[in-house]
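Read through the structure below, which is laid out as structure tokens, and then see the notes.
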Amino acid sequence: MFRVPFLVAIALAIAFGGGIWSTLRALEATAGFGAIRLGAWEAFPNAQTAAADPYAKSHRASAGALLYATAEGLQFTANVDDSGAALRGDCSYRISGHTPPTRLWTLHSVRTETMRKAEDAGLPVALNSRAILRHADGSFEIEVSADAKPGNWLAVPGDRRLRLRLTLLDTPAAGSSGLIDLSMPSIQQTGCRDA
């Protein structure tokens, strides 16, 4: 007598549980469609527009973060260096070169509890275009490391994988259909603690 309702309950639990699990996995796998990749940097220019795909809209809803309209700015993220190796907190990296034309840019590691503690300690967990040292040709070099470095240093947590976010504000690149021709700064590994 209780066999059929029990089997129905198990089937529903599997269906709902499997559906929720697969949706969460799909959202973790991608931030949406229409990605533009420039070296190690990746951007989703349509993520904050009305024409955004369902995955981008889901990310926007779950993050609750302020996203920029196409004319306001463009966010690039990097999970890997120029060689394709995953960014790790126990390694040091050098970001060098130029950004596309922009009025202002910011660079930071995606925030975690460890980053909040570093920020409270007064470490440079975010940089912007107006506060960095540059070479005579306008290029720059930023050292990304958990250990203090001279010059432009971006402090990151040393215990996990990294994701860097470079936001270009008020840039003609955001509305450019020729976005592929733009050059982004390179990300090169300079050493690891375990090596």
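Read left to right, the sequence shown gives residues 1 to 195 (full-length UniProt numbering).
All residues carry an ideal CB built from backbone N, CA and C; glycine is no exception.
For residue i, count neighbouring C-beta atoms within 10 Å of its own C-beta (all shown protein chains included) and say buried if the count is 16 or more, exposed if not.
{"i": "Val156", "result": "buried"}
{"i": "His135", "result": "exposed"}
{"i": "Ile180", "result": "Confidence at Ile180 is low in this model, with a pLDDT of 47, below 50, so its placement is unreliable and the value that follows should be read with caution. Exposed, since its Cβ has fewer than 16 Cβ neighbours within 10 Å."}
{"i": "Pro45", "result": "buried"}
{"i": "Ser22", "result": "exposed"}
{"i": "Ala131", "result": "exposed"}
{"i": "Ala40", "result": "buried"}
{"i": "Lys133", "result": "Per the sequence presented here, residue 133 reads as Leu, with Lys not at that position. Label assigned to Leu133: exposed."}
{"i": "Leu12", "result": "exposed"}
{"i": "Leu24", "result": "exposed"}
So, residue i versus residue j, is the Cβ gap smaller than 8 Å?
{"i": "Leu169", "j": "Glu72", "result": "yes"}
{"i": "Asp82", "j": "Ser183", "result": "no"}
{"i": "Gly89", "j": "Ala146", "result": "yes"}
{"i": "Pro172", "j": "Pro124", "result": "no"}
{"i": "His98", "j": "Ser129", "result": "no"}
{"i": "Gln189", "j": "Cys91", "result": "yes"}
{"i": "Leu107", "j": "Leu154", "result": "yes"}
With DSSP as the reference, label residue i as helix, strand or coil.
{"i": "Leu169", "result": "strand"}
{"i": "Ile180", "result": "Per-residue confidence for Ile180 stands at a pLDDT of 47, beneath the threshold of 50, marking its modelled position as unreliable; no derived number is given."}
{"i": "Thr190", "result": "strand"}
{"i": "Thr106", "result": "strand"}
{"i": "Thr23", "result": "helix"}
{"i": "Leu87", "result": "coil"}
{"i": "Ser96", "result": "strand"}
{"i": "Ser145", "result": "strand"}
{"i": "Val80", "result": "strand"}
{"i": "Gly39", "result": "coil"}
{"i": "Phe16", "result": "helix"}
{"i": "Arg161", "result": "strand"}
Taking C-alpha atoms, which residue in the options lies nearest to residue i?
{"i": "Thr158", "options": "Val144, Asn152, Thr167, Leu166", "result": "Per the sequence presented here, residue 158 reads as Gly, with Thr not at that position. Nearest option by C-alpha distance: Val144."}
{"i": "Trp105", "options": "Pro54, Ala146, Leu164", "result": "Leu164"}
{"i": "Asn152", "options": "Ser83, Glu141, Arg160", "result": "Glu141"}
{"i": "Gln75", "options": "Pro124, Pro150, Leu166", "result": "Leu166"}
{"i": "Glu42", "options": "Thr77, Ser92, Leu24", "result": "Thr77"}
{"i": "Arg37", "options": "Leu154, Gly84, Gln189, Ala9", "result": "Gly84"}
{"i": "Leu127", "options": "Pro101, Pro54, Arg160, Ile95", "result": "Ile95"}
{"i": "Gly122", "options": "Val110, Ala148, Asp137, Arg103", "result": "Ala148"}
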